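The sequence shown begins at 18 in this note's numbering and counts up one residue at a time. Ideal placement from N, C-alpha and C gives every residue a C-beta, glycine not left out. Just so it is clear, the structure is predicted and the values come from calculations on it, not from any experiment. What follows is a short report on a single structure.
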Amino acid sequence: MTMQEITPSVYVIGDIHGQLKRLLHLLEEAHLINHKHTWTGGNAILWFLGDFVDRGPDGIEVINLVMRLQTEAAAAGGQVSSLLGNHEMLLFAAYRFGRRSTGLGSSFISRWKQNGGNKKDITSLTREHLAWIAELPTMALVADRLLMHADNSLYLQRGRSIDEVNATFKKLLRTSNALEWEETLEDFARRGVFTHKPEGENYARRFLSIFGGKQLIHGHTPISLVVNAPAKKVTEPLIYANETCVNVDGGLFMGGPGFIYQVPTGLAAN
Ligand SMILES: [Mn+2]
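Right, dumping it as structure tokens:
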């Protein structure tokens, strides 16, 4: 057996925001599912970077699909995993705290609505979904890539290793500390920390030296907004900050066709 046969392919996909049809199309195109939407990816590894819900029509259906594919992929020797996005937290908080306000800003429900909250998502949210969301990691190291939802500095403030950051978020998702929730939602919404030159690259390198990995892969910020092009034209990731960062947010909610990024084997940036 050659290395190629035993090394599974690694795929990463960014923010879906309720665009179930487009996600199904992309997964079929990549031969990760068949026309019956069953996992056909074999031992492939597929990572979602979070933000399944809000801004689009079928957020919970997207989560249902991912949960099912997770089981099917595992049975086939593959893997489907996901990070926690800020929109999963927004929905979770709207469900948990409702009209409550901490005094810092608007209520959790209005914050969620302002960020594209879809009533259909909150009414079809079950305890199983909430339990699944509460277990999602916030960061992961996969094939020498540091995966995180957002191009945002909050991770650094919440731990000094991937395990620490993940533990901090899991703990928060179990608590009813509304103020802490609100502060985290506020922080999590920020973006663009790796974009500015030359500080962006230095910042990315700091992330990689602290958390590990040769390159950082994130979503959260539609590529079309960064490059100032229509989302419809975005069909590939944006590699930037001297190849230390890869943005995979295709801006599906803005009408982008989206894409699945197959992580190149071998080392990318250094
Ligand atoms: Mn996001």
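### Task
Put residue 287 into one of helix, strand or coil per three-state DSSP.
In this prediction, residue 287 scores a pLDDT of 44, lower than 50, which makes its location untrustworthy; the coordinate-derived value is nonetheless stated afterwards. Three-state DSSP puts residue 287 in coil, outside helix and strand.
### Query
Between the C-alpha atoms of residue 312 and residue 26, what's the straight-line distance to the nearest angstrom?
Not covered by the structure: residue 312. The range shown for the chain is 18 to 287.
### Query
So which residues put a beta carbon under 7 Å from any heavy atom of ligand 1, going in chain order?
32, 67, 68, 102, 103, 104, 166, 167, 236, 237
#### Entry: Cβ pair residue 268, residue 280 closer than 8 Å
no
### Task
Would you kindly work out how many angstroms separate the C-alpha atoms of residue 150 and residue 105, rounded to a whole number?
Here the alpha carbon of residue 150 sits roughly 7 Å from the alpha carbon of residue 105.
### Task
Note down the Cα distance separating residue 236 from residue 120, rounded to an integer number of angstroms.
30 Å
### Message
With H, G and I counted as helix, E and B as strand and the rest as coil, what does DSSP make of residue 235?
### Response
For residue 235, the three-state secondary structure derived from DSSP is strand.
### Message
If contact is defined by three or more beta carbon pairs under 8 Å, each pair taking one atom from either stretch, is the stretch 245-264 in contact with the stretch 187-204?
### Response
no
#### Entry: residue 108 versus residue 229: straight-line alpha-carbon distance, rounded
One C-alpha to the other measures close to 30 Å.
### Message
With three or more C-beta pairs closer than 8 Å as the rule, is the stretch 239-256 touching the stretch 173-188?
### Response
no
### Query
Roughly how many angstroms separate the alpha carbons of residue 28 and residue 100, rounded to a whole number?
Cα-Cα distance, rounded: 13 Å.
### Message
Rounded to the nearest angstrom, what separates residue 215 and residue 174 at their Cα positions?
### Response
22 Å
### Query
According to the neighbour-count rule (16 or more other Cβ atoms, all chains shown, within 10 Å of its Cβ), is residue 131 buried or exposed?
Counting Cβ neighbours within 10 Å, residue 131 comes out exposed, since fewer than 16 surround it.
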